[in-house]
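Written out below as structure tokens is the structure these notes cover.
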DNA sequence: TGATAAGCGGAACATGGTTCCGTATATCGC
DNA sequence: GCGATATACGGAACCATGTTCCGCTTATCA
């Protein structure tokens with residue numbers, strides 16, 4: 001029904017460049033300082049003025065949500081690429097680490113999600129809608145190849161890794177990585193190909 | 001083991017008065033504007049300077065936690081008073097409304113709890129440690145008197161009312177009150193004294 | 001290649017947390 | 001009661017950060 005009012009001029013090239021630069025900078029800054037990072041910091045890193053930032057993202061929540069969606073897209077898209085480049089179980093392992101890395105950059109987002117800001121409401125659904133099929137395809141291929149057990153649910157795994165990643169502590173990152181490796185080993189041990197040796 | 005270093009002078013009377021005034025003002029302002037209310041607002045309402053506020057509560061979280069504990073104490077303490085003044089089921093009903101009123105003043109606190117600030121970590125335990133025994137005593141007395149059913153768990157009720165109270169919407173307060181009344185009626189209908197008529 | 005709309009940068013403003021310090025006063029020994 | 005003095009007070013000032021505004025710059029188009 002709706003028709004774009006045909007614009008006389010196309011969007012300026014620098015505007016496009018800047019939008020991208022802002023998103024990239026925001027991604028980096030959020031990862032480093034959490035989603036409460038100051039807007040000036042992001043503008044500085046992006047090499048633009050704060051005015052430019054605010055013109056495109058009228059408030060913080062818009063920016064946060066955009067960055068989040070962009071990262072979800074990138075991470076989910078990688079599943080297909082990995083499947084092309086590696087044997088299924090290796091692709092799966094690499095992707096899970098990639099996913100864990102994604103989660104590691106989400107400092108403070110969990111709290112923001114509960115802030116009630118309407119810009120965040122659709123994010124959990126977006127998260128699941130993208131990651132669940134991505135992981136499911138990896139699991140399916142690896143299970144078909146007999147490289148991992150075949151009774152794993154994508155959503156369960158996504159949640160489990162999310163939980164592992166939130167366990168803070170001194171060296172949370174290293175801890176989470178060890179636990180993830182354990183999980184992956186467990187997936188492989190249960191594979192049909194390697195028999196049913198499930199002692200200890 | 002530790003011994004207070006015996007102070008030469010006692011705490012000044014005005015300091016005591018001001019601490020109380022700040023807590024009272026903070027309670028009112030938090031209820032009205034949420035826990036993110038500006039410190040100046042609180043100082044103004046308390047009739048003190050911000051300096052006074054900050055001397056006693058070095059940061060916001062300290063103040064929020066103190067107000068919260070004070071309100072929990074007051075609400076929990078009321079259970080005993082109500083039991084003295086009313087017949088058990090009425091005391092219970094009044095207290096549940098009192099508890100709902102307490103919850104209604106907690107705008108934004110839920111989010112703050114998840115903020116990771118260490119000053120908040122002990123609050124949930126404090127909440128439960130005070131409210132569960134208070135409500136349990138009310139339930140027990142009313143059940144003994146045969147005025148309500150006897151299969152109610154204090155913690156379940158606390159949670160249920162908490163959930164009812166969070167349901168937002170246009171007139172969240174009125175809605176929550178209606179639901180609470182329904183709940184209370186349900187408790188009474190199940191009483192031994194009134195038979196076992198659990199139709200519709 | 002000039003006209004012009006689109007876009008830009010960053011100063012300026014608004015808000016709110018926190019600190020600092022000169023002033024006021026409650027307490028205590030006399 | 002009466003100073004002396006530690007204690008506490010008030011609020012201006014400072015800093016960080018979100019947000020707006022507008023004069024200047026520049027990509028686009030004819």
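Residue numbers (my numbering), protein chains in the order written: chain P, 1 to 200; chain L, 1 to 200. Backbone N, C-alpha and C define an ideal beta-carbon position, used for all residues, glycine too. Computed from a predicted model, the values in this text were never measured in an experiment.
Contact with chain L by residue i, beta-carbon distance below 8 Å
i	result
residue 115 of chain P	yes
residue 197 of chain P	With a pLDDT of 44 at residue 197 of chain P, under the threshold of 50, the predicted position of this residue should be treated as unreliable, though the coordinate-derived value follows. It does not: the Cβ of residue 197 of chain P has no partner Cβ on chain L nearer than 8 Å.
residue 5 of chain P	Only weak support exists for where residue 5 of chain P lies, its pLDDT of 47 falling under 50; the value from the coordinates is given anyway. No, no contact with chain L.
residue 20 of chain P	no
Short CB-CB distance (under 8 Å) between residue i and chain P
i	result
residue 111 of chain L	yes
Neighbourhood of residue i by C-beta, 8 Å cutoff - its chain only, sequence neighbours within 5 removed
i	result
residue 70 of chain L	23, 27
residue 67 of chain L	23, 26, 27, 30
residue 86 of chain P	94
residue 18 of chain P	46, 48, 52, 56
residue 119 of chain P	59, 61, 62, 64, 65
residue 161 of chain P	96, 99, 100, 103, 180, 183
residue 158 of chain P	99, 128, 131, 132, 135
Spatial neighbours of residue i in its chain, beta-carbon cut-off 7 Å, leaving aside the 5 residues before and after
i	result
residue 179 of chain P	164
residue 102 of chain P	71, 75
residue 25 of chain L	42, 45, 46
residue 210 of chain L	Residue numbering for chain L in the displayed model covers 1 to 200; residue 210 of chain L lies beyond these limits and cannot be assessed.
residue 127 of chain L	72
residue 154 of chain L	132, 135, 136, 139
residue 21 of chain L	46, 47, 48
residue 187 of chain P	148, 149, 152
residue 117 of chain P	61
residue 166 of chain P	none
Contacting residues, own chain, Cβ-Cβ under 6 Å from residue i (five flanking each side not counted)
i	result
residue 143 of chain L	150
residue 84 of chain L	none
residue 152 of chain L	139
residue 92 of chain L	138, 142
residue 107 of chain P	34
residue 113 of chain P	120
residue 105 of chain P	31
residue 145 of chain P	88
Closer than 7 Å: residue i CB and nearest the ligand ADP heavy atom
i	result
residue 100 of chain L	The model depicted lacks the ligand ADP and carries no ligand whatsoever.
Return the chain-ordered ranges of every alpha helix (DSSP H) run that is complete within the stretch 122-186 of chain L and spans a minimum of 4 residues.
-> 123-144, 154-166
Does the pairing of the stretch 94-102 of chain P with the stretch 45-59 of chain P give three or more beta-carbon distances under 8 Å?
-> no
Alpha helix (DSSP H) runs wholly inside the stretch 41-92 of chain L, at least 4 long, in chain order | 50-56, 60-85
Would you check if the stretch 128-148 of chain P and the stretch 74-82 of chain P touch, i.e. whether three or more CB-CB distances between them fall below 8 Å?
-> yes
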